[in-house]
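Quick note: to get this note's numbering, add 7 to the position in the sequence shown (first position is 1).
No residue lacks a Cβ here, since even glycine has one placed at the ideal position from N, Cα and C.
First up is the structure itself, then whatever we jot down about it.
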Amino acid sequence: MNKSQKIQEIISLRQPLAQKLTTVEENLNHLQITWHKLEDYRNQLQFKTQDEKVLSKLQEINFSDSKTKILELLEKLSKLSSRFQRETLNIGVVGRARQGKSRLLQSITGLVSGEIPDGDRQHCTGVRSTIHHNPHVETYGEVWFYTERSFLHEIIYPYYTTLDLGKSPISIQDFANNPLPTLRLEGSENQAKYEHLKRYHIHFSEYSHLLKSPSPRNIRQEEIRQYVAQDDENGERIYFNYLAVKEVKIVCQFPNKEVGQIAVVDMPGLGDTGIGDETRMIQTLAEDVDFVLFVKMPKPSGDYWADVDVKLYDTVNASLVDLPVKLWSFMVLNQTNKDSKYGDNSANCQDLIESMTEKHIHVSDYIIANCANPEEVNEKILEKTLDYLSNNINQLDQKYVTVFYDQLADLQLTIKGELQKAKQTLNKVDSVESESKFDDLFYDFWDNITNDLTDLLEVLREKRNDQDDYFKEQVEAVFQECQKDQSIFPSLEEIKRRKNKEGDYARAYGYYIDEVRTGLSRRFLNLDDGLKKSIEELKIEITNLLADKCNLKGLSSHRGSKFLADIAHLIPQESSTLHEGFTVLANFELSYRGLIQYHIRGNLDNLKQDNSPLPKGGKEQDVLDNLQELYKETVYQCKNALDNNFLRVPSQAAFAIVEEFVDLVLRSKDAQRQWRKFLLTYRADIWTDTFQILGDNTRLRQQWIQLIEETESINSSLLQ
Ligand SMILES: Nc1nc2c(ncn2[C@@H]2O[C@H](COP(=O)(O)OP(=O)(O)OP(=O)(O)O)[C@@H](O)[C@H]2O)c(=O)[nH]1
Ligand SMILES: [Mg+2]
């Protein structure tokens, strides 16, 4: 098997791993949800009990450690998944600025500074580019731009935070159109960082159109540099596109045909004062890179491992905590010849190699090679890297997965332990049936509810022929509005114009009379609010009584319909009459359309052309007079109808529905037994001081057990 086949095999071996991880991810997400649910429920239980023993047991369950662990594992999982889903093996070059990283990639890919910018003036590479080998295509590029939103969040905001510039711009226009806040922090490094931000600000108009452009944009070979570099090939800083570019992918044919599915990643060197470069590098390493080539070009005049070099190494190492970078990196010492403008640095390369271990820079191997020499790069660096990859990546993958699974198993054990503690809260339970406490309390409850509801019913019986105040108010308001509002009528001018359009006054009148009738009818819809309000008031009165006098407030924090619906929801279906009583009352409503509308419509008949035609020869004034007269009369008739027939409707309905409710929940054959059974289950919610929250057969206990079991089952299937 040649190298390229071997690399293909590595990539295909990753597919099943990726699939397996998808299942793990689902399980872990599921576990996260139930773990939160269990914690919420624990918190609710803590609120509901004063029992010190139960309280302390509940408190002992440690939710937060596992929560953090789950989050960490989900994050690791996403790194692992992107690693195993990749279609190429990716080699990243890492180093401080101007060490020859881009030069090395030129030698590997056969591209030149038009596509992979190298330069020796200032920091050169502006954005990350990934270069893919594809033997069958002409070189081209694909550019991904930041969106306005991601640009603000990922690029601009970090400057505001780090440089303590105060309130960040709320929009891209806000950033572009207002002057930058002045820098108050001192020190040259802060100043240099601020200069970067200024560059984004000053040149905004030169790149801002790109933030609106679709990604990826396909570009030709000769266009590539202007998207990735900070300067042109002469070192002139005339390019600003890169400020809007998130990433570039270049596809070309590497001179070494054996490489197969390989991609190399060029990143901006660190040590520049751009904020966020390091974060972006760490992210790239964690998600997009399988192997790292550290590049350092020692100065011939003498060089050493500076603190920044060691720090850079540590940062890379930390990007994948579970896979020491020692196992997936080489150190390349970029050797320059005596006839180069840098001079001969061979001795310095050697010195640095010898002092690497004492600086705790550990890599799989080191290479001294001239990065500007393609043959040397190919032989010494690329071939060696490909060999290393093809021999080791599968093991590394396995190792990485094993570590991850070990951590999952750890989590599983921890959660198992915590669930054990959760179960211990259930150890001692009160056996309430045998105790007389419940019987006494239930006796009082029954006494209260029968008395109070019967009293209320009597009051309603007495009032049932009274007019309902809320509804009356609403009726008055609607009629006042009807009388006041003249906008329902057209002006004389409008009538004339309508006549011209329709042909004659009679036809225009026909249209207007229909409009006036519809307008009036719609007005009455407002009566709905009054009807609804008076019934809701009644429900609030009943639920206040149930909650406060009959002690059911522990079952719902609402009042009115919602309280009734909550209780109906809690009552088991088999307690059918009780359940029905609460459901019926919760859903009961009076509506204008159902109750009154048909009657009102009868009174609107006069507002029809057939019943009240326009006198022959009538003109605009007659049209208006007729409309106004008919309207006034109809409103009057409607008001009479409502006053005489409907103002009592809410009181009558209130009495009827409450009587029905009382029959169902108090007077039906099985009512008392159903209440008893229901309250027994919920006794800990109702009489919190008397009963253990997790007592035998309480609802709270049942739900707690259910949640524990649910979590247990997900936890045990975590590794499947
Ligand atoms: N003679 C010679 N010149 C080199 C060698 N490696 C890099 N250079 C030159 O050194 C300068 C910096 O190299 P780059 O490849 O741009 O460095 P870099 O690490 O990519 O720098 P940034 O992109 O700024 O992080 C360029 O002018 C290169 O042509 C080498 O091995 N020999
Ligand atoms: Mg570079």
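query                                                                                                                                                                         : result
If you reduce the DSSP assignment to three classes, tell me which class Ala270 lands in.                                                                                      : strand
Would you report the Cα separation of Arg191 and Met274, rounded to the nearest angstrom?                                                                                     : 31 Å
Exposed or buried, what is Ser19 when buried is set at 16 or more other beta-carbons lying within 10 Å of its beta-carbon?                                                    : exposed
Would you say Phe152 and Lys253 are within 8 Å of each other, going by their C-beta atoms?                                                                                    : yes
Using C-beta distances below 6 Å, list every residue in its chain close to Tyr167, excluding the 5 sequence neighbours before and after it, in chain order.                   : Ser175
Write down every uninterrupted run of the alpha helix (DSSP H) in the region 434-505 whose length is 4 residues or greater and which is fully enclosed by it, in chain order. : 443-470, 476-491
Just to confirm my understanding: we take His37, look at its own chain, exclude 5 residues before and 5 after, and list those with CB closer than 8 Å. What are they?         : Ile721
How close, in whole Å, do the beta carbons of Trp335 and Leu426 come, if the pair is a contact with beta carbons under 8 Å?                                                   : Going by Cβ atoms, the distance from Trp335 to Leu426 rounds to 38 Å, so no, they are not a contact pair.
Where do the ends of the beta strand (DSSP E) carrying Phe70 lie?                                                                                                             : No beta strand (DSSP E) holds Phe70; DSSP gives it neither H nor E.
Which whole-angstrom value describes the C-beta separation of Leu631 and Ile542, a residue pair presumed to lie in contact below a C-beta threshold of 8 Å?                   : Actually they do not touch by this definition, with Cβ atoms about 41 Å apart.
Which word fits Ala661, buried or exposed, when buried means at least 16 other C-beta atoms lie within 10 angstroms of its C-beta?                                            : buried
Can you find at least 3 beta carbon pairs, one from the region 387-398 and one from the region 262-271, that sit closer than 8 Å?                                             : yes
At a threshold of 7 Å, does Gly107 count as lining ligand 1 (C-beta to nearest heavy atom)?                                                                                   : yes
With a floor of 4 residues, list each alpha helix (DSSP H) that falls wholly inside the region 573-639, ordered by position along the chain.                                  : 583-594, 599-602, 604-610
Tell me Phe301's beta-bridge partners as DSSP assigns them.                                                                                                                   : Val101, Met338
Quick check: does the Cβ of Gly276 come within less than 7 Å of any heavy atom belonging to ligand 2?                                                                         : yes
Count the CB pairs spanning the region 664-684 and the region 497-512 that are closer than 8 Å, and state whether there are at least three.                                   : no
Quick one, which of Met8, Ala593, Glu719 has its alpha-carbon nearest Ala575's?                                                                                               : Ala593
Please report the distance separating the alpha-carbon of Pro579 from that of Asp555.                                                                                         : 23 Å
I think Leu687 touches Phe445, with their Cβ atoms under 8 Å apart; what is that distance to the nearest whole Å?                                                             : 7 Å
Leaving out five residues on either side along the sequence, give the residues of the same chain with a beta carbon under 6 Å from the beta carbon of Glu32.                  : Leu84
Note down the Cα distance separating Met338 from Gln39, rounded to an integer number of angstroms.                                                                            : 41 Å
Could you tell me whether the region 296-305 touches the region 101-109, where touching means 3 or more Cβ pairs closer than 8 Å?                                             : yes
Would you be able to state if there are at least three C-beta pairs under 8 Å between the region 640-647 and the region 461-478?                                              : no
Per DSSP, which residues does Trp151 bridge with? Please list them.                                                                                                           : Glu254
Would you please state the rounded distance, in angstroms, between the beta carbons of Lys256 and His139? I believe it to be under 8 Å.                                       : 7 Å
Can you tell me whether Leu415 is buried or exposed, with buried defined as 16 or more other CB within 10 angstroms of its CB?                                                : buried
Do the region 279-288 and the region 155-171 meet, that is, are 3 or more Cβ pairs less than 8 Å apart?                                                                       : yes
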